[in-house]
Amino acid sequence: MASSKYTILVVEDDPLLRLTAADMVEGAGFECLEAGGADEALSILEERSDIRIVFSDIDMPPGADGITLAAEIKERWPQIAIVLTSGHYKPPEIAMPHGGMFFPKPIKENEVISAFKKLSARPLDA
1 MASSKYTILV
11 VEDDPLLRLT
21 AADMVEGAGF
31 ECLEAGGADE
41 ALSILEERSD
51 IRIVFSDIDM
61 PPGADGITLA
71 AEIKERWPQI
81 AIVLTSGHYK
91 PPEIAMPHGG
101 MFFPKPIKEN
111 EVISAFKKLS
121 ARPLDA
């Protein structure tokens with residue numbers, strides 16, 4: 001039986017923060033996949049066509065940061081919505097992808113969940 005839930009990929013290098021974000025996503029009724037960094041996220045995106053939203057931290061050493069990841073996602077999978085978060089950076093210091101959203105850490109769960117619901121209601125080609 002196919003799931004009607006939208007899938008959100010959580011990308012966070014800190015395991016505890018990743019688990020907390022995944023719990024938030026699942027608690028809001030979405031299916032959640034998890035990645036510990038940009039390379040793992042890209043591998044998952046290459047394997048899965050059901051991901052609707054990527055929720056990523058910006059600062060993820062070592063390797064590509066969330067901004068670089070977001071740019072690559074927008075180039076390769078423009079239909080996927082991007083939601084970024086950081087405790088260190090904020091717009092306009094960062095180059096947000098077109099249509100991307102940003103939430104400072106510590107995040108306010110109700111605001112992020114509301115954004116996920118709004119983004120999941122968009123047509124796939126938006």
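Residues 1 to 126 in the UniProt record's numbering are what the sequence shown lists, from first letter to last.
Even glycine gets a Cβ: it sits at the ideal position worked out from N, Cα and C.
From this set, the options, which residue's C-alpha is nearest residue i's C-alpha?
{"i": "Ala95", "options": "Gln79, Leu69 and Tyr6", "result": "Leu69"}
{"i": "Tyr89", "options": "Pro104, Gln79 and Ala81", "result": "Pro104"}
{"i": "Ile51", "options": "Leu42, Met24 and Leu9", "result": "Leu9"}
{"i": "Glu109", "options": "Gly27, Lys5, Ile44 and Pro78", "result": "Gly27"}
{"i": "residue 130", "options": "Ala38, Tyr6 and Gly100", "result": "Because the chain in this structure spans residues 1 to 126, residue 130 falls outside the shown range and cannot be described."}
{"i": "Trp77", "options": "Gly87, Ser49 and Phe55", "result": "Ser49"}
{"i": "Ile44", "options": "Phe102, Thr7, Thr20 and Leu16", "result": "Thr7"}
{"i": "Glu72", "options": "Glu46, Pro61, Val25 and Gly87", "result": "Glu46"}
{"i": "Arg122", "options": "Glu111, Met101, Gln79 and Gly87", "result": "Gln79"}
{"i": "Thr20", "options": "Phe55, Ser120, Asp59 and Gly63", "result": "Phe55"}
{"i": "Leu42", "options": "Gly63, Phe102 and Glu111", "result": "Gly63"}
Residue j and residue i - do their beta-carbons sit closer together than 8 angstroms?
{"i": "Val83", "j": "Ile53", "result": "yes"}
{"i": "Glu12", "j": "Asp65", "result": "no"}
{"i": "Glu34", "j": "Arg18", "result": "yes"}
{"i": "Pro97", "j": "Lys118", "result": "no"}
{"i": "Thr85", "j": "Ile67", "result": "no"}
{"i": "residue 145", "j": "Ala81", "result": "Only positions 1 to 126 of the chain appear in this structure, which leaves residue 145 out of reach."}
{"i": "Lys5", "j": "Gly36", "result": "no"}
For the alpha helix (DSSP H) containing residue i, list its first residue and its last residue.
{"i": "Arg52", "result": "No alpha helix (DSSP H) contains Arg52, which is instead part of the beta strand (DSSP E) from Ile51 to Asp57."}
{"i": "Ser71", "result": "With the sequence shown as reference, residue 71 is identified as Ala, and Ser is not the correct amino acid for it. Unbroken alpha helix (DSSP H) run through Ala71: Gly66 to Arg76."}
{"i": "Phe116", "result": "Glu109 to Ser120"}
{"i": "Asp23", "result": "Pro15 to Gly27"}
{"i": "Ala38", "result": "Ala38 to Glu47"}
Taking residue i as part of the beta strand (DSSP E), name the residues at either end of that continuous run.
{"i": "Ala35", "result": "Glu31 to Ala35"}
{"i": "Ala81", "result": "Ala81 to Ser86"}
{"i": "Met101", "result": "Met101 to Pro104"}
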